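One rule links them: number in my numbering = place in the sequence shown (from 1) + 3. Note sheet for the following structure.
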Amino acid sequence: MWLEILLQFLTVFLGAFLAFWLENLRERNQRKTWAKRYLHLYYKALQEQLAQEEENAEQKLPLYQKFIDGEEAMSEEDWNLLSSVTLEADDKQTSLIHSEFLTVLPAELVTTLAEVEKLQIISLEISTLLMNFFQERIFPIILTHTTPLNEAGKFSMRYFKSIAEIRYNNLKTLKKAQKKILELLEQHNYHK
Numbered sequence: 004m005w006l007e008i009l010l011q012f013l014t015v016f017l018g019a020f021l022a023f024w025l026e027n028l029r030e031r032n033q034r035k036t037w038a039k040r041y042l043h044l045y046y047k048a049l050q051e052q053l054a055q056e057e058e059n060a061e062q063k064l065p066l067y068q069k070f071i072d073g074e075e076a077m078s079e080e081d082w083n084l085l086s087s088v089t090l091e092a093d094d095k096q097t098s099l100i101h102s103e104f105l106t107v108l109p110a111e112l113v114t115t116l117a118e119v120e121k122l123q124i125i126s127l128e129i130s131t132l133l134m135n136f137f138q139e140r141i142f143p144i145i146l147t148h149t150t151p152l153n154e155a156g157k158f159s160m161r162y163f164k165s166i167a168e169i170r171y172n173n174l175k176t177l178k179k180a181q182k183k184i185l186e187l188l189e190q191h192n193y194h195k
């Protein structure tokens with residue numbers, strides 16, 4: 004009789020243990036599938052954003068120097084380009100570091116994603132500084148279409164250009180991290 008009770012207890016315990024274990028396995032596989040899909044979309048969005056920002060920076064940095072130098076006449080197209088500050092909102096991406104699916108990712112990939120998120124936060128702060136400075140100091144100068152700039156205007160423009168260069172260097176670092184993400188996604192079979 005005690006043997007039957009013990010066997011019955013072990014059978015129920017084993018059944019419950021297996022049920023919980025299988026449910027855990029199912030949830031983990033579901034998170035892993037979701038992570039693969041999301042990481043693919045995340046990588047694609049990051050790639051598009053960085054390409055657009057890099058093109059924008061490569062177009063405008065030489066123009067800023069041309070404006071500071073004031074030796075060449077600025078065309079109407081130059082003035083229009085100079086007066087348009089297009090800074091991508093780096094906060095479009097949702098935070099990956101606080102997501103549950105990180106439990107199914109390799110540690111190296113999680114570290115790289117954390118680095119990208121940190122760089123995006125830095126980029127957002129630089130963008131905010133750049134935009135505020137542009138609105139307060141640079142846009143009024145541009146509206147007058149005055150060249151050559153006076154000393155105060157040159158100082159403001161040099162400061163603005165230096166902030167833009169810092170942002171561009173941050174962008175380059177983000178691109179390196181993006182390449183590392185792609186390598187890790189392929190290495191761990193997270194690519195589509």
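Glycine included, every Cβ here is placed at the ideal spot set by N, Cα and C. Nothing here was measured: the structure is a model prediction, and the numbers come from that model.
Around the beta-carbon of Val15, fewer than 16 other beta-carbon atoms lie within 10 Å, marking it exposed. With distances taken between CA atoms, Leu187 lies nearest to Glu111 out of Ile166, Glu111, Asn173.
As the crow flies, the alpha-carbon of Leu133 is around 14 Å from that of Glu56. Ile141 is positioned such that its CB atom lies closer than 8 Å to that of Ser159. If one requires a minimum length of 4 residues, the alpha helix (DSSP H) runs lying completely within the segment 105–152 are 110–136, 142–147, in chain order. Of all alpha-carbon atoms in Gly73, Thr176, Ile144, Lys157, the one lying nearest the alpha-carbon of Thr150 is that of Gly73.
Going by DSSP, His191 is part of no alpha helix (DSSP H) at all; its letter is neither H nor E.
In the DSSP assignment, Gly73 falls outside any alpha helix (DSSP H), carrying neither H nor E. Residue state for Met160 is assigned as helix, using DSSP reduced to three classes. Taking Leu185 as reference, the option from Trp24, Asn83, Asn32, Leu42 with the minimal CA-CA separation is Leu42.
Exposure of Arg40 is indicated by the presence of fewer than 16 other C-beta atoms within 10 angstroms of its C-beta.
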